[in-house]
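As given, the protein sequences belong to chains G and X, one line each in that order. Residues 592 to 856 (my numbering) make up the first sequence, in order. Residues 592 to 856 (my numbering) make up the second sequence, in order. We treat Cβ as the ideally placed atom computed from N, Cα and C, and that holds for glycine. For reference, the structure is listed below as structure tokens.
2 protein chains.
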Amino acid sequence: MPYVQRGGVNIYYETYGQGFPLVFLHPFSTNGYIWYFQTFSFARTNQCVVIDERGHGRSDKPQQGYAIKEMAADVIAVLDELKLNRAIFVGNSIGGMLVMQLNLDYPERVAGNVIVSSGTNLGAGMPAEAKAAFQQNAEATFGALIEGAIAAKTKRERPEILDLMKAQFAVEGNFPRYVFNAAGADPGGVFNWDITSRLKEIRKPTLVLAGEEDQATTVAANKLLADNIPGAQLRVVKEVGHFYQLEKPAEFNQELRQFINRVAA
Amino acid sequence: MPYVQRGGVNIYYETYGQGFPLVFLHPFSTNGYIWYFQTFSFARTNQCVVIDERGHGRSDKPQQGYAIKEMAADVIAVLDELKLNRAIFVGNSIGGMLVMQLNLDYPERVAGNVIVSSGTNLGAGMPAEAKAAFQQNAEATFGALIEGAIAAKTKRERPEILDLMKAQFAVEGNFPRYVFNAAGADPGGVFNWDITSRLKEIRKPTLVLAGEEDQATTVAANKLLADNIPGAQLRVVKEVGHFYQLEKPAEFNQELRQFINRVAA
């Protein structure tokens, strides 16, 4: 059964293929399906591990416990279960936060990092009105946020992506509203997590991929990461928003392949 | 745990949402992921059930037992487990064959059918050379087959879909070669299954969606279904191949929504 239990919480994962391990960590309110165009493609040459983070998709959804540190520990529990020593971690948005936290808490497990549209201390940039709007009508507010997070070309040519993102937020069986609230309020959770002063401790090869049209985690938010992680490379991707791996999967895969060849060769 | 066991075979399924049930059945060599752009979108209004057919993805992969009739019985086992009386069945390719078989064996469980790029007696149209080529180099032969099954526009604008389809076939953890061989050789399996003379027994509202550029299950193969299923409607979709739901998800979803409104209202 593709679950590992940690502290009473069942974490869902899937694994395909053999070779140097890649671990994929999805954005807030989504699930492991977002790596559909990576999982099987890379499983021809690598062991791909896709995890549903606690509170999401097929994993358990406790009432509390959504500190980034907790969620990163879940990832290590999956690695331990699979007896994987080291991996390249690929994380989008909150998934990128987990990647950074893994570098602080378990650096010996990390071979390299691909951080896709992420940031730290994101709540500080959020106006009080936005927080109030989320309290009043979470679904509509999230819908507006996500519209600004997807590139114009994507919305024109792949309208299903905007619809999917809104749907994943709306479907309680995937992402219950209480998880959104608990994670948002957690002092170490998605909006309050701040490792700005510790980014310099991340010492593994790191590629930061920022979508030029992403208004959720802006280019500036991603540049802050790349500027402070020693040796990190920043790539700003045109005509992409918050979800590079889904908005332009073929290009993303090429870029990820190059990174793997560099780091895991 | 999202499995139901039938005759010692664990069948993986997921379910999201409430409302009139929709059951999604994927093509040969793929898995339930292919409904990514439907599952969450429709879960806002319907109970969506996505199944990995035996031999595929997260389900068990026995050495033998790939008759369409067996695989259809697995679907009923999932419905029984979920205590679902009736559903609209949406099946692509071999998934469409399961839908037709369900109509013959369990008509009382069927509210309506959406058959996406499918057919019956498909092996009869396959030249002996093609069968020999599959024996010699399955991966390359499948690759050529799948190239002809995807629309030119899709290959140009969404090259990740061709890559994904080749990868799902190549990754043994998703679809082992012995499953391909066992299903291909089964007298009631994917290539030998022939219900041409029984299509007239299918009595539920049926929509057949054929991709105009699909060389795997041609427009003619799909027209044969629509011509022989009483009252069935055929829609030939331009610039689409074998995977309408993935090649043009937004258009597909609109069409599926209309069908649901007509049948389940």
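Extent of the continuous alpha helix (DSSP H) to which residue i belongs
i, result
"X:Q849", "P840 to V854"
"G:Y627", "Y627 to F633"
"X:D643", "Where X:D643 is concerned, there is no enclosing alpha helix (DSSP H), although the beta strand (DSSP E) it sits in stretches over C639 to D643."
"X:L815", "V810 to N819"
"G:A724", "A719 to Q727"
"X:Y769", "R768 to A776"
Where the beta strand (DSSP E) containing residue i begins and where it ends
i, result
"X:A702", "V701 to V707"
"X:A801", "T797 to G802"
"X:E763", "Counting along the chain, X:E763 falls outside any beta strand (DSSP E), and DSSP gives it neither H nor E."
"G:E830", "Counting along the chain, G:E830 falls outside any beta strand (DSSP E), and DSSP gives it neither H nor E."
"X:V614", "L613 to L616"
"G:Y594", "Y594 to R597"
"G:I786", "Element bounds for G:I786: n/a, residue is neither H nor E."
"G:I602", "V600 to Y607"
Exposure label - residue i; buried when at least 16 CB within 10 Å
i, result
"X:P840", "buried"
"G:A723", "exposed"
"X:S788", "exposed"
"X:N852", "exposed"
"G:A856", "exposed"
"G:G646", "buried"
"X:K791", "exposed"
"X:K652", "buried"
"G:Q552", "Within the shown structure, residues of chain G are numbered from 592 to 856, placing residue 552 of chain G beyond reach of any answer."
"X:K795", "buried"
"G:E838", "buried"
"X:R749", "buried"
"G:D665", "buried"
"X:Q824", "exposed"
"G:R700", "buried"
"G:K757", "buried"
"X:D818", "exposed"
"G:N728", "exposed"
"X:D643", "buried"
C-beta contact flag for residue i and residue j at 8 angstroms
i, j, result
"X:E738", "X:L753", "yes"
"X:Q849", "X:F628", "no"
"G:Y607", "X:G764", "yes"
"G:Q759", "G:S620", "yes"
"X:A658", "X:G734", "no"
"G:R649", "X:E605", "yes"
"G:P612", "G:L675", "yes"
"G:V640", "G:F615", "yes"
"X:A801", "X:V827", "yes"
"G:A743", "G:E804", "yes"
"G:L816", "G:I741", "no"
"X:G682", "X:V669", "no"
"X:G710", "X:A812", "yes"
"X:G832", "X:T745", "yes"
"X:Y603", "X:P593", "yes"
"X:L713", "X:T808", "yes"
"X:T636", "X:G656", "no"
"G:A678", "G:A702", "yes"
"X:M717", "X:F782", "yes"
"X:N622", "G:E751", "no"
"X:Q692", "X:A715", "no"
"G:Y624", "X:Y624", "yes"
"X:I793", "X:I820", "yes"
"G:Q654", "G:A773", "yes"
"X:F725", "X:N704", "no"
Of all the residues that make up the region 660-685 of chain X, which are near chain G by a beta-carbon distance shorter than 9 angstroms?
So the list is empty, because no residue satisfies the distance condition.
Compile a chain-ordered list of the residues in the region 755-783 of chain G whose CB is closer than 7 angstroms to at least one CB of chain X.
If the cut-off is 7 angstroms between Cβ atoms, the region 755-783 of chain G has L755, A758, Q759, A761, V762, G764 and N765 near chain X.
With 8 angstroms as the limit, tell me which residues of the region 838-853 of chain X have their beta carbon closer than that to any beta carbon of chain G; keep them in chain order.
Within the region 838-853 of chain X, contact with chain G at the beta-carbon level (separation under 8 angstroms) is assigned to P840, A841 and N844.
Report the residues of the region 629-642 of chain G with a CB closer than 7 angstroms to any CB of chain C, ordered along the chain.
No chain C appears in the structure shown, which is made up of the protein chains G and X.
For the region 596-607 of chain G, enumerate the residues whose C-beta is nearer than 8 angstroms to any C-beta of chain X, in chain order.
Listed by position along the chain: E605, T606 and Y607.
Enumerated in chain order, which unbroken segments of the alpha helix (DSSP H) with a length of 4 residues or greater are wholly contained in the region 730-761 of chain X?
Look at the region 730-761 of chain X and you find these whole runs of alpha helix (DSSP H), each 4 residues long or longer: 743-748 and 750-761.
So within the region 665-703 of chain X, which uninterrupted alpha helix (DSSP H) runs reach at least 4 residues, ignoring any that extend past its ends?
List check, alpha helix (DSSP H) in window: 685-696.
Determine which residues of the region 735-752 of chain X have a Cβ less than 9 angstroms from any Cβ of chain G, and write them out in chain order.
Going along the region 735-752 of chain X in chain order, one finds E748, R749, P750, E751 and I752 with a Cβ nearer than 9 angstroms to chain G.
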